[in-house]
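Number of protein chains: 2
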Amino acid sequence: MNEFTKPTLDDVARAAGVSTATVSRCLNAPDRVIAPTRERVMLAVEALGYTPDFGGRALASRRTNTVGAIIPTMDNAIFARGLQSFQEALSRFGKTLLVASSGYSPAREREQIEVMAGRGVDGVLLIGSARPESSVEFLRRRGIPFLGAWNLGGEDGYFVGFDNHAAAAGLTRMVLDQGHRRLAMIGGISHMNDRAADRMEGVRAAAELAGIRRDQLPVIEAAYTFEDGARAFGELMALSPRPTAVLCGNDVLAVGAMQKARELDLRVPEDVSITGFDDIDLAGVVDPKLTTVRVPHLRMGEAAAEMLIKLINKEPVERRVEIPTAIVERGTLGPPPADPVA
Amino acid sequence: MNEFTKPTLDDVARAAGVSTATVSRCLNAPDRVIAPTRERVMLAVEALGYTPDFGGRALASRRTNTVGAIIPTMDNAIFARGLQSFQEALSRFGKTLLVASSGYSPAREREQIEVMAGRGVDGVLLIGSARPESSVEFLRRRGIPFLGAWNLGGEDGYFVGFDNHAAAAGLTRMVLDQGHRRLAMIGGISHMNDRAADRMEGVRAAAELAGIRRDQLPVIEAAYTFEDGARAFGELMALSPRPTAVLCGNDVLAVGAMQKARELDLRVPEDVSITGFDDIDLAGVVDPKLTTVRVPHLRMGEAAAEMLIKLINKEPVERRVEIPTAIVERGTLGPPPADPVA
DNA sequence: ATTACAAGTGTAAGCGCTTACATCGACCTA
DNA sequence: TAGGTCGATGTAAGCGCTTACACTTGTAAT
């Protein structure tokens, strides 16, 4: 090799005076090579600045040590944070992360799944479980292990996540305990988004148990933006009777709602209570601080990585790993006003 | 091939009654094959469910259609957002994104650069320009095109970003115009972080022009967290004379400072002015809303993708693409108190 | 008719690596 | 000492693809 071409296994082998097989073993199974030889080889590796070629390695070993993640968007703190810890954990296992985003669209997700498959990923991380059967089937056919995260999924498949339904129900019970009876909800768009749907269902179920019929619980679905949260909150406040507590599908919606409340001169929580979900940074920064559900996204990412790696290595894995959530009581939930607006 | 092994080019070639070369051409340069042949081949591809093998392709063609990005962390809205649009743009060009994080450590960045190189990426996106020459040298040797983003860099290399120095200076002038003379700064850790360093220098330079000597401008470096921002702000407020305006290296630090201010019963901006940098969501949500510098992270990501693709294709590119920033005047900057604490 | 050329296709040589199998000693056992 | 075992290393056959080059044929120019 000269100064300008990448050194190859062969170059290293020649430099160290061994065969390419030995160099390969030094790199992949160091304990199968005796120490002095190994050192000689490693020195040569160092000296030449050798790094293995990905294509060659992938071709010969039929593995890429690459893992794909397809998330709705990184532009949402919860996924960004989860992805960050996922990537770090992966990196500890010597895997690299291929990232694609679906923008919450199942069709786009499907495309990206195919891209990932074409890339020869060893495994794929997906978000949630709501997707066309054909996407799942595709992955199965290809024999690519995959994992749903951020939710616990249905009958089959592997999942690591939390129980969105139960968490939402728990928070709702807390709202009910404060004495609220006129609840309302601003949920995420639930179509093909099981997290949003589960949270909505959780709220409804808990309310129902308290004798509040579904048709007595107004629900607006909104995209996860401040603006849409604010708009939905406005609509809700125009209702008569006016809800005394608004449960939001995530913190972004909740903060949007709070901004609108201020605009409408409604005090939180004196005039109306608001709750969120996720406990992103935002939640601790608004005034009053947001009562919400804490979701350990970092732990999620890590657990997902560990689980996916096991799946790839065909080690035994639990079908579902549940990450516990916790309600964070802060300042936006209080008792309903004594004399609520009719 | 049978039901269980992936079809190869050879299988397709046999099925279509052509050579592998022709199949390969059908896939990579369709116009070099006559239509009837092409159709026959495509039919066979379809029938067998053939998808090219990534390893083989990478090995033979010496390119992967993969681009790497090494950022400090996704757990910072600005990078997450930029990365999101970078990825989307890349995807439009048929490239996939490999993500790694450095945690602001040049050593870790170097490692990841090597991983990326080993992965055979066609190009790499890096953040900023502050890194050991050896890292740059490595990339050069390997002939891997790379691009620094979020800043405009120095003598050589390609950059797409904004002028952190000028933006910080502009904001500082605005603070000075309000009548402030006792400035202070909470900057990011500037070691090997040119963005942080440039912002700091920008503030200092503008202050100096207004006759404020460097030693009259206290600066504390802090990690980009609420806690560190709060702590630094506490220290600054204990100074005598107390600063009347605190310029922060980013919005996270600024919000941390605002929280501390509330704790200390200092009103913003009546008792003390605070400014941020980046204009992340947080900035519009705190009370009062944060006066800060808007950085178009989405445009950044997109521009970076376009530029890197050109670099990869060896098309002509400008050495530096500057993305304009804008000062967003909101509620945390006001005139200094009439009777400032000595 | 001959020649030159171009377009369509085939042939076959790798790309850099892993790994099954072969080889070679060193060491043990009877 | 012969035979057996085992651990360390070497040999070499691919992995699936791209592509330089060769070949064949049809067409246009002479």
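From first to last, the protein sequence lines are chains D and L. Residue 216 in this note's numbering is what sits at position 216 of the first sequence, and the numbering runs on without skipping anything. Start counting at 1 in the second sequence, then tack on 342, and there's your number in this note's numbering. The beta-carbon is built from N, C-alpha and C at its ideal position, and this holds for glycine as well. As the structure is a computational prediction, the values presented were derived from the model and not from experiment.
Task: Chain-ordered neighbours of K6 (chain D) on chain L, where CB pairs are closer than 8 Å - done: For the purposes of this step, residue 6 (chain D) is identified with residue 6 of the first sequence, where counting begins at 1. Under the 8 Å cutoff, chain L gives R484.
TODO: Compare the C-beta of P145 (chain D) against all C-beta atoms of chain L and say whether one is closer than 7 Å.
DONE: The residue you call residue 145 (chain D) lines up with position 145 of the first sequence. No - not a single Cβ of chain L is within 7 Å of the one on P145 (chain D).
Open item on the list: Distance cutoff 7 Å, beta carbons only. Does R461 (chain L) sit that close to anything in chain D?
Closed with: As a working mapping, residue 461 (chain L) is identified with position 119 in the second sequence. Closer than 7 Å: yes.
- [ ] With distances taken Cα to Cα, identify the nearest neighbour of A547 (chain L) among L:N370, L:P349, L:T514.
- [x] The residue given as residue 547 (chain L) occupies position 205 in the second sequence. The option with the nearest alpha carbon to A547 (chain L) is L:T514.
Task: Close Cβ partners of D352 (chain L) (< 7 Å) along its chain, the five nearest in sequence each way excluded - done: Working through the second sequence from its first residue, we reach residue 352 (chain L) at position 10. Around D352 (chain L): T362.
Task: Length of the line joining the Cα atoms of M1 (chain D) and P7 (chain D) - done: Position 1 of the first sequence, counted from the first residue, corresponds to residue 1 (chain D). Position 7 of the first sequence, counted from the first residue, corresponds to residue 7 (chain D). Any answer about M1 (chain D) is weak, because its pLDDT of 36 lies below 50 and its placement is not dependable; what the coordinates show is given next. Distance between the alpha carbons of M1 (chain D) and P7 (chain D): 6 Å.
- [ ] For the alpha helix (DSSP H) containing R294 (chain D), list its first residue and its last residue.
- [x] Position 294 of the first sequence holds residue 294 (chain D). It is not in any alpha helix (DSSP H) - R294 (chain D) instead sits in the beta strand (DSSP E) that spans 292 to 294.
Task: R119 (chain D) burial status per 10 Å Cβ neighbour count (16 or more: buried) - done: Locating residue 119 (chain D) in the first sequence gives position 119, counting from the first residue. So R119 (chain D) ends up on the buried side.
- [ ] Reducing DSSP to helix, strand and coil, say where E657 (chain L) ends up.
- [x] Position 315 of the second sequence holds residue 657 (chain L). E657 (chain L): coil per DSSP, three-state reduction.
Task: Outcome for E3 (chain D) when other beta-carbon atoms lying within 10 angstroms are tallied against a minimum of 16 - done: Within the first sequence, numbered from 1, the residue matching residue 3 (chain D) stands at position 3. Any reading at E3 (chain D) must be qualified, since the residue scores a pLDDT of 47, below 50, and its modelled position is unreliable; no value is offered.
Task: Endpoints, the alpha helix (DSSP H) within which G170 (chain D) is located - done: On the first sequence, residue 170 (chain D) is found 170 positions in, with the first residue counted as 1. Counting along the chain, the alpha helix (DSSP H) containing G170 (chain D) begins and ends at 164 to 177.
Task: Proximal residues, the segment 261 to 288 of chain D versus chain L, C-beta separation under 7 Å - done: D281, L282, V285, V286, D287
Task: N313 (chain D), buried or exposed, once every other Cβ within 10 Å from all chains shown has been counted against 16 - done: The residue you call residue 313 (chain D) lines up with position 313 of the first sequence. Burial call: exposed.
Task: Range of the contiguous beta strand (DSSP E) that encloses S615 (chain L) - done: Walking along the second sequence from the start, residue 615 (chain L) turns up at place 273. Segment 615 to 617, the beta strand (DSSP E) holding S615 (chain L).
Open item on the list: Taking the beta carbon of G496 (chain L) as the centre, do at least 16 other beta carbons fall within 10 Å, making it buried, or is it exposed?
Closed with: Start at 1 with the first residue of the second sequence, and residue 496 (chain L) comes out as number 154. Exposed, since its Cβ has fewer than 16 Cβ neighbours within 10 Å.
- [ ] Starting from S24 (chain D), follow its DSSP beta bridges and name the residues at the other end.
- [x] In the first sequence, the residue the question calls residue 24 (chain D) occupies position 24. Note: S24 (chain D) sits in no beta bridge, so no partner.
- [ ] Look at T667 (chain L) and V637 (chain L) and say whether their C-beta atoms are less than 7 Å apart.
- [x] Within the second sequence, residue 667 (chain L) is the residue found at index 325, counting from 1. Within the second sequence, residue 637 (chain L) is the residue found at index 295, counting from 1. Contact: yes.
Open item on the list: Out of L:D373, L:G618, L:R374, which one is the CA nearest neighbour of A510 (chain L)?
Closed with: As a position in the second sequence, residue 510 (chain L) is number 168, starting the count at 1. Residue L:G618 is the option with its Cα nearest to A510 (chain L).
TODO: Specify the secondary structure class of E644 (chain L) as computed by DSSP and reduced to three states.
DONE: Here the question's residue 644 (chain L) lines up with position 302 in the second sequence. In this structure, E644 (chain L) counts as helix in the three-state DSSP scheme.
Open item on the list: Does the segment 78 to 92 of chain D come into contact with the segment 44 to 59 of chain D, if we say contact requires no fewer than three beta-carbon pairs (one atom in each stretch) closer than 8 Å?
Closed with: no
TODO: May I ask you to report which of helix, strand or coil DSSP gives R523 (chain L)?
DONE: Within the second sequence, the letter at position 181 stands for residue 523 (chain L). Here R523 (chain L) sits in coil by DSSP.
TODO: Report the rounded CA-to-CA distance for Q601 (chain L) versus I562 (chain L), giving the unit in angstroms.
DONE: On the second sequence, position 259 is the one that residue 601 (chain L) refers to. On the second sequence, position 220 is the one that residue 562 (chain L) refers to. Each residue's Cα considered, the two are about 17 Å apart.
Task: Residues bridged to L360 (chain D) [DSSP beta-bridge criterion] - done: No answer is possible for residue 360 (chain D): it lies beyond the span of chain D, which begins at 1 and ends at 342.
Open item on the list: Using only the alpha-carbon positions, how far apart do I455 (chain L) and E263 (chain D) sit?
Closed with: Position 113 of the second sequence, counted from the start, is the residue given in the question as residue 455 (chain L). Position 263 of the first sequence, counted from the start, is the residue given in the question as residue 263 (chain D). In a straight line, the C-alpha of I455 (chain L) is about 49 Å away from that of E263 (chain D).
TODO: Taking L266 (chain D) as part of the beta strand (DSSP E), name the residues at either end of that continuous run.
DONE: For this step, residue 266 (chain D) is matched to residue 266 along the first sequence. First-last for L266 (chain D): undefined, no H or E at that position.
Task: Cβ-Cβ distance between A130 (chain D) and M200 (chain D) below 7 Å - done: For the purposes of this step, residue 130 (chain D) is taken as residue 130 along the first sequence, with counting starting at 1. For the purposes of this step, residue 200 (chain D) is taken as residue 200 along the first sequence, with counting starting at 1. Not in contact: A130 (chain D) and M200 (chain D) (Cβ atoms no closer than 7 Å).
Task: Beta carbon of R319 (chain D) nearer than 7 Å to that of Y158 (chain D) - done: The residue labelled residue 319 (chain D) in the question sits at position 319 within the first sequence. The residue labelled residue 158 (chain D) in the question sits at position 158 within the first sequence. Contact: yes.
Open item on the list: Going by DSSP in three states, D157 (chain D) sits in which element: helix, strand or coil?
Closed with: Here residue 157 (chain D) refers to the residue found at position 157 of the first sequence. According to the sequence shown, residue 157 (chain D) is Gly rather than Asp. Reduced to three states, the DSSP call for G157 (chain D) is coil.
TODO: Please name the residue, chosen from D:R110, D:R140, D:V293, that lies closest to P350 (chain D) on a Cα-to-Cα basis.
DONE: With chain D covering only 1 through 342, there is no way to say anything about residue 350 (chain D).
Open item on the list: Check this for me: beta carbons of V328 (chain D) and D265 (chain D), under 7 Å apart or not?
Closed with: For the purposes of this step, residue 328 (chain D) is identified with residue 328 of the first sequence, where counting begins at 1. For the purposes of this step, residue 265 (chain D) is identified with residue 265 of the first sequence, where counting begins at 1. Their beta carbons are not under 7 Å apart, which means V328 (chain D) does not touch D265 (chain D) by this criterion.
- [ ] Please list, in chain order, all residues of the same chain as A257 (chain D) whose beta carbon is under 7 Å from its beta carbon, the five residues on each side excluded.
- [x] What you label residue 257 (chain D) is simply residue 257 of the first sequence in a count that begins at 1. Only I186, G229, A230, F233, V246, C248, I274 meet the Cβ criterion.
- [ ] Could you tell me which chain L residues have their CB closer than 8 Å to the CB of P30 (chain D), listed as they occur along the chain?
- [x] Taking the first residue of the first sequence as position 1, residue 30 (chain D) is located at position 30. Within chain L, no residue comes near P30 (chain D); the closest Cβ sits about 17 Å away, beyond 8 Å.
- [ ] Just the chain L side, please: which residues come within less than 8 Å of L43 (chain D) by C-beta, in chain order?
- [x] Within the first sequence, the letter at position 43 stands for residue 43 (chain D). Correct list: empty, because the minimum Cβ distance to chain L is about 17 Å.
Task: Given 8 Å, three or more beta-carbon pairs between the segment 93 to 102 of chain D and the segment 55 to 67 of chain D - done: yes
Task: As assigned by DSSP and simplified to three states, the class of G188 (chain D) - done: Locating residue 188 (chain D) in the first sequence gives position 188, counting from the first residue. Note: G188 (chain D) maps to coil in three-state DSSP.
TODO: Tell me, please, which residues DSSP counts as bridged to G465 (chain L).
DONE: Here residue 465 (chain L) is taken as the residue at index 123 of the second sequence, counted from 1. Its beta-bridge partners are L:V409.
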